[in-house]
Amino acid sequence: MSWGRKVVGYDYRLHWYVGSPFVKILAKDSQSCPILVFSFVGFSIILNPLITAFISCFLAVLLVEIIIFASVGFIIGIVFILIGIWPSFVIAIGITGITIIRTPLNIYFHCLITYRTVMLRRNIKLLSFILLPITHILIPPVTLILALTALI
Numbered sequence: 005m006s007w008g009r010k011v012v013g014y015d016y017r018l019h020w021y022v023g024s025p026f027v028k029i030l031a032k033d034s035q036s037c038p039i040l041v042f043s044f045v046g047f048s049i050i051l052n053p054l055i056t057a058f059i060s061c062f063l064a065v066l067l068v069e070i071i072i073f074a075s076v077g078f079i080i081g082i083v084f085i086l087i088g089i090w091p092s093f094v095i096a097i098g099i100t101g102i103t104i105i106r107t108p109l110n111i112y113f114h115c116l117i118t119y120r121t122v123m124l125r126r127n128i129k130l131l132s133f134i135l136l137p138i139t140h141i142l143i144p145p146v147t148l149i150l151a152l153t154a155l156i
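Numbering of the sequence shown is given in the numbering used here, commencing with residue 5 and proceeding in unit increments.
Laid out in structure tokens, this is it:
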């Protein structure tokens, strides 16, 4: 039995299918190149369990890493949210409280400056005195809203 004749009749298109379990099906004649037929199919009893074990271990380790990183990220996010939100409410309420406490003094200074300004005409002074309560009543809620949006 001469192997030289078998190799001469070898179909080179089968070269791309080396390692594929379908080599035996794709070969016109399984005797044309027995080395290709046995390269994967013959060792599949050994290689398939090894490949399956490797892929299973790899995916298990990857899944464990994903679970660990996701849980650590979730815990850190919850801690940062709890640390970050509560002080923002306290600071926003503190800023609003300071604004409410300073409101009477701000009204006094607003009236004083409007009354003593020589450059303003009477109609602008009257408009300033009319808008004074509306402006100073709106300042604390606007301050609270801006402090909450800026701090959260």
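All residues carry an ideal CB built from backbone N, CA and C; glycine is no exception.
Only a predicted model underlies this, so the values are computations on that prediction, with no experimental measurement involved.
Specify, as a first and last residue, the run of the alpha helix (DSSP H) that valine 146 falls within.
-> Within the sequence shown, the letter at position 142 stands for residue 146. Element bounds for valine 146: 126-155.
On the premise that isoleucine 70 lies in contact with threonine 103, defined as a C-beta separation below 8 angstroms, what is that separation, rounded to the nearest angstrom?
-> The residue you call residue 103 lines up with position 99 of the sequence shown. The residue you call residue 70 lines up with position 66 of the sequence shown. So it is not a contact: roughly 48 angstroms between Cβ atoms.
Going by the beta-carbon positions, is the gap between threonine 147 and threonine 100 smaller than 8 angstroms?
-> Against the sequence shown, residue 147 aligns to sequence position 143. Against the sequence shown, residue 100 aligns to sequence position 96. Cβ distance < 8 angstroms, so threonine 147 and threonine 100 count as in contact.
Might you give, ordered along the chain, the residues of its own chain that have their beta carbon closer than 6 angstroms to the beta carbon of proline 145, omitting 5 neighbours on each side?
-> For the purposes of this step, residue 145 is taken as residue 141 along the sequence shown, with counting starting at 1. Nothing meets the Cβ criterion.
For alanine 74, does the count of other Cβ atoms within 10 angstroms reach 16, so buried, or fall short, so exposed?
-> Looking up residue 74 in the sequence shown gives position 70. Alanine 74 comes out exposed.
Cα separation between glycine 88 and isoleucine 105?
-> By 1-based counting over the sequence shown, the position of residue 88 is 84. By 1-based counting over the sequence shown, the position of residue 105 is 101. When rounded, the distance between both Cα atoms is 26 angstroms.
If we count the other Cβ atoms within 10 Å of its Cβ and call it buried at 16 or more, is isoleucine 149 buried or exposed?
-> Looking up residue 149 in the sequence shown gives position 145. Exposed is the call here.
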